[in-house]
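Student: With this note's numbering applied, the sequence shown has no gaps in its numbers, which climb one by one up to 517 at the end. Ideal placement from N, C-alpha and C gives every residue a C-beta, glycine not left out. If you scroll down you'll find the structure; I have some questions about it.
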Amino acid sequence: MQDFWFRLSVPVILSMLFGLLLWAVFSATAGLMFVLLVLLVLMFRNAQHLFKLNEWLKSPTLENLPEGSGNWDEVFSQLYKMVKKHIKTKQDLAAELLHIQQATAALPEGVAILNEVNRIEWFNLQAEQHFDLNPEHDVMQDITYLVRQPEFIEYMQASNFSDPLMMRPARHDETVLSIKLIPYAGNKRLLISRDITQFERIEAMRRDFVANVSHELRTPLTVVNGFVENLQDMPDLSSSSARRALQLMAEQTQRMENLVADLLTLSRLENDQSTMSEEAVDIAALLNEVLHDGKLLSGEKHTLRLEVASSAKLLGNREDLYSAFANLVGNAIRYTAEDGVILLRWYERAGQPVFAVQDTGIGIAAQHIPRLTERFYRVDRSRSRETGGTGLGLAIVKHVAMRHQAKLEVLSEDGKGSTFSLVFPGKRLKAA
86 MQDFWFRLSV PVILSMLFGL LLWAVFSATA GLMFVLLVLL VLMFRNAQHL
136 FKLNEWLKSP TLENLPEGSG NWDEVFSQLY KMVKKHIKTK QDLAAELLHI
186 QQATAALPEG VAILNEVNRI EWFNLQAEQH FDLNPEHDVM QDITYLVRQP
236 EFIEYMQASN FSDPLMMRPA RHDETVLSIK LIPYAGNKRL LISRDITQFE
286 RIEAMRRDFV ANVSHELRTP LTVVNGFVEN LQDMPDLSSS SARRALQLMA
336 EQTQRMENLV ADLLTLSRLE NDQSTMSEEA VDIAALLNEV LHDGKLLSGE
386 KHTLRLEVAS SAKLLGNRED LYSAFANLVG NAIRYTAEDG VILLRWYERA
436 GQPVFAVQDT GIGIAAQHIP RLTERFYRVD RSRSRETGGT GLGLAIVKHV
486 AMRHQAKLEV LSEDGKGSTF SLVFPGKRLK AA
């Protein structure tokens, strides 16, 4: 600061001293004229620098910072340092803002910042998708004008936000959102949205599963209990009637045993996260077992044939593969009329091993095919129960296929038979 005033005062003092010298040598007029001339020059130079400074302030950048002399050189130097520091601070803030935006964009939840009158100040990508917002037009719009579901508007107008709102967006009614409003910073509010569609589906499946298991077990238990009561109340029951009752009880008991066995198998496949035990499975030998058991299940009422076009082995779990293959054959038997033909095939297609079961059965309508692997889903419930099906076979097949990175393909037409194929990846082929 002292250096600044020193450099500012030196020209003035020197001009005044020289003016006094001129006064003494020549006249007072000459001295005063000289001092006035020097002051005019100094004022003109300062005016020039002020003009440059004013022009620079209109678009202040480091590139067009003016040059100065004397004290103005120090002023422009300080301005340069200040602008450079400001640019660095601005860049750091921009970087931090970008990091925050990237972090919020990566969140699985939608986040929107609302002001005191529910106008949107900012939202991330997930919120944009959940509420169908437009980042160019919807900022500072009232969110209740954009999301018009009555339950959402009622929730936004409430005073208690301790419980989240479950809602289906208007344009995505297959999606379920959990919405939570969190007040913060006085009068601002944070709107959090989470897609819980998958959780809702799992919960629905759990409810259906419990209901179906209860229903499936109730029927055979009712039958067995009824015959037990009859036997207790009829001491003179004939031996033939007793044999018939015992036969039906045995069938229903076997049905319950099959259901429990399939439930245990499905539970193991769904919950076992450990590495699957694998070996090179001799598929030809395995399919001969499946064919033999299939003939026993059919009771020689169908024609079962086996075609093995590949001698290659398959890397996999033998127990799981048998379960999947046997379930496919069992389904074909149950849904094929007597004297029908069921063909089991093992072959390679485009380098991929395929196990296929083709039947001449009743076929499946197209609308049922996407749901075939759901637990307890049946196209014809009465027929499946009559033939002893548990409703879990194709669910087991699906999980075995997933554990072996295979695909289940279904080709069927109502009334014209079906073909179920398990297509395995080529990397699971092993030379015989």
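Does the pairing of the region 416-425 with the region 438-452 give three or more beta-carbon distances under 8 Å?
Tutor: yes
Student: Check each candidate in 251, 411, 136, 499 and name the one with the smallest Cα separation from residue 235.
Tutor: Position 150 of the sequence shown holds residue 235. Here the closest residue by C-alpha is 251.
Student: Would you list the one or two residues that DSSP bridges to residue 430?
Tutor: In the sequence shown, counting from the first residue as 1, residue 430 sits at position 345. Under DSSP, residue 430 takes part in a beta bridge, and its partners are 392, 441.
Student: For the region 269-284 and the region 177-195, state whether three or more C-beta atom pairs, one from each stretch, are separated by less than 8 Å.
Tutor: yes
Student: Assuming residue 493 contacts residue 483 under a Cβ cut-off of 8 Å, what Cβ separation, rounded to an integer in Å, is found between them?
Tutor: To locate residue 493, count along the sequence shown from 1; it is residue 408. To locate residue 483, count along the sequence shown from 1; it is residue 398. Confirmed, Cβ separation roughly 6 Å.
Student: Please list the terminal residues of the continuous beta strand (DSSP E) segment that includes residue 213.
Tutor: Position 128 of the sequence shown holds residue 213. Taken as a continuous stretch (DSSP letters only), residue 213 belongs to no beta strand (DSSP E), being part of the alpha helix (DSSP H) at 210-216.
Student: In chain order, what residues of the same chain have a beta carbon less than 8 Å from the beta carbon of residue 351, not counting five sequence neighbours either side?
Tutor: For the purposes of this step, residue 351 is taken as the residue at position 266 of the sequence shown. If we look at residue 351 and ignore the five residues flanking it on each side, its Cβ neighbours are 460, 477, 480, 481, 484.
Student: Near residue 202, what residues of its chain come up, given a Cβ to Cβ distance below 8 Å and the 5 sequence neighbours on each side ignored?
Tutor: In the sequence shown, residue 202 corresponds to position 117, counting from 1. Excluding positions up to five away in sequence, the list reads 227.
Student: Taking 8 Å as the cut-off, does the region 377-387 touch the region 497-514 (at least 3 CB pairs, one atom from each stretch)?
Tutor: no
Student: Determine the extent of the beta strand (DSSP E) in which residue 365 is found, giving its start and end residues.
Tutor: Here residue 365 refers to the residue found at position 280 of the sequence shown. First-last of the beta strand (DSSP E) with residue 365: 364-366.
Student: Residues in the same chain with beta-carbon distance under 6 Å from residue 403, minus the five sequence neighbours each way, listed in chain order, please.
Tutor: Residue 403 sits at position 318 when you count from the first residue of the sequence shown. Only 366 meet the Cβ criterion.
Student: Please list the terminal residues of the continuous beta strand (DSSP E) segment that includes residue 492.
Tutor: In the sequence shown, counting from the first residue as 1, residue 492 sits at position 407. It spans 492-497 - the beta strand (DSSP E) in which residue 492 sits, taken as one unbroken run.
Student: Count the C-beta pairs between the region 426-440 and the region 391-405 that are closer than 8 Å, then say yes if the count reaches three, no if not.
Tutor: yes
Student: Going by DSSP in three states, residue 249 sits in which element: helix, strand or coil?
Tutor: Working through the sequence shown from its first residue, we reach residue 249 at position 164. In the structure shown, residue 249 falls within a coil segment according to DSSP collapsed to helix, strand and coil.
Student: Report the CB separation of residue 486 from residue 409 in whole angstroms; it is logged as a contact under 8 Å.
Tutor: Numbered from its first residue, the sequence shown carries residue 486 at position 401. Numbered from its first residue, the sequence shown carries residue 409 at position 324. That pair is a contact at about 7 Å.
Student: Excluding sequence positions up to five away, which residues of its chain have a Cβ less than 7 Å from the Cβ of residue 231?
Tutor: Residue numbering aside, residue 231 sits at position 146 when the sequence shown is read from its first letter. Same-chain partners within the cutoff: 216, 218, 223.
Student: Check residue 409 in the structure and name its three-state DSSP category.
Tutor: Residue 409 sits at position 324 when you count from the first residue of the sequence shown. In the structure shown, residue 409 sits in a helix (DSSP, three-state: H, G or I).
Student: Per DSSP, which one or two residues make a beta bridge with residue 502?
Tutor: Residue numbering aside, residue 502 sits at position 417 when the sequence shown is read from its first letter. Its beta-bridge partners do not exist; DSSP assigns none.
Student: Helix, strand or coil for residue 261? Go by DSSP, reduced to three states.
Tutor: On the sequence shown, position 176 is the one that residue 261 refers to. DSSP places residue 261 in coil when its eight states are reduced to three.
Student: For residue 205, which three-state DSSP category applies?
Tutor: As a first step, residue 205 must be located in the sequence shown, where it is residue number 120. Looking at residue 205 - three-state DSSP - the assignment turns out to be strand.
Student: Grab me the residues of residue 382's own chain with a C-beta within less than 7 Å of its C-beta, minus the 5 sequence neighbours each way, in chain order.
Tutor: Mapped onto the sequence shown, residue 382 falls at position 297. Closer than 7 Å at the Cβ level, and outside the excluded window around residue 382, lie 415, 418.
Student: Candidates 475, 411, 452, 450: which alpha carbon is nearest residue 506's?
Tutor: If you number the sequence shown from 1, residue 506 lands on position 421. The candidate whose alpha carbon is nearest that of residue 506 is 411.
Student: Look at the alpha carbon of residue 190 and the alpha carbon of residue 211, and state the distance between them as a whole number of angstroms.
Tutor: Position 105 of the sequence shown, counted from the start, is the residue given in the question as residue 190. Position 126 of the sequence shown, counted from the start, is the residue given in the question as residue 211. Taking the straight line from one Cα to the other gives about 7 Å.
Student: Using DSSP's beta-bridge definition, name the partner residues of residue 384.
Tutor: As a first step, residue 384 must be located in the sequence shown, where it is residue number 299. Note: residue 384 sits in no beta bridge, so no partner.
Student: Who are the near neighbours of residue 361 in its chain, counting only those whose CB is closer than 6 Å to its CB and skipping five residues on each side?
Tutor: On the sequence shown, position 276 is the one that residue 361 refers to. For residue 361, where only same-chain residues beyond five positions count, the Cβ hits under 6 Å are 402, 488.
Student: Identify whether residue 399 lies in helix, strand or coil by the three-state DSSP scheme.
Tutor: For the purposes of this step, residue 399 is taken as residue 314 along the sequence shown, with counting starting at 1. Here residue 399 sits in strand by DSSP.
Student: How would you call residue 174, buried or exposed, if buried means at least 16 neighbouring beta carbons within 10 angstroms?
Tutor: Residue mapping note: residue 174 aligns to position 89 of the sequence shown, counting from 1. When all chains shown are included, residue 174 counts as exposed.
Student: Cα-Cα, which of 247, 242, 283 is closest to residue 262?
Tutor: As a first step, residue 262 must be located in the sequence shown, where it is residue number 177. Checked all of 247, 242, 283; the closest Cα to residue 262 is 283.
Student: Can you tell me the Cα-Cα spacing of residue 432 and residue 453, whole angstroms?
Tutor: Taking the first residue of the sequence shown as position 1, residue 432 is located at position 347. Taking the first residue of the sequence shown as position 1, residue 453 is located at position 368. Rounded to the nearest angstrom, the two C-alpha atoms are 27 Å apart.
Student: What do you get for residue 269, buried or exposed, if any count of 16 or more other CB atoms within 10 angstroms of its CB means buried?
Tutor: Against the sequence shown, residue 269 aligns to sequence position 184. By the 10 Å Cβ count, residue 269 comes out exposed.
Student: What does DSSP give as the partner residues of residue 277 in its beta bridges?
Tutor: Here residue 277 refers to the residue found at position 192 of the sequence shown. DSSP output for residue 277 lists 196, 265 as bridge partner(s).
Student: For residue 515, which beta-bridge partners are listed by DSSP?
Tutor: If you number the sequence shown from 1, residue 515 lands on position 430. Its beta-bridge partners are 398.
Student: Starting from residue 235, trace the alpha helix (DSSP H) in both directions and tell me its first and last residue.
Tutor: Position 150 of the sequence shown, counted from the first residue, corresponds to residue 235. Start and end: 235-242.
Student: Quick one: is residue 86 buried, meaning 16 or more other Cβ sit within 10 Å of its Cβ, or exposed?
Tutor: The sequence position of residue 86 within the sequence shown is 1, counting from 1. Here residue 86 scores only 47 on pLDDT, less than 50, and its place in the model should not be relied on; the value that follows carries that caveat. Its Cβ having fewer than 16 others within 10 Å, residue 86 is exposed.
Student: May I ask which residues mark the beginning and end of the alpha helix (DSSP H) holding residue 482?
Tutor: As a first step, residue 482 must be located in the sequence shown, where it is residue number 397. From DSSP, the alpha helix (DSSP H) with residue 482 extends over 478-488.
Student: Using 8 Å as the threshold, is the C-beta distance between residue 333 and residue 475 below it?
Tutor: Residue numbering aside, residue 333 sits at position 248 when the sequence shown is read from its first letter. Residue numbering aside, residue 475 sits at position 390 when the sequence shown is read from its first letter. Their beta carbons are not under 8 Å apart, which means residue 333 does not touch residue 475 by this criterion.
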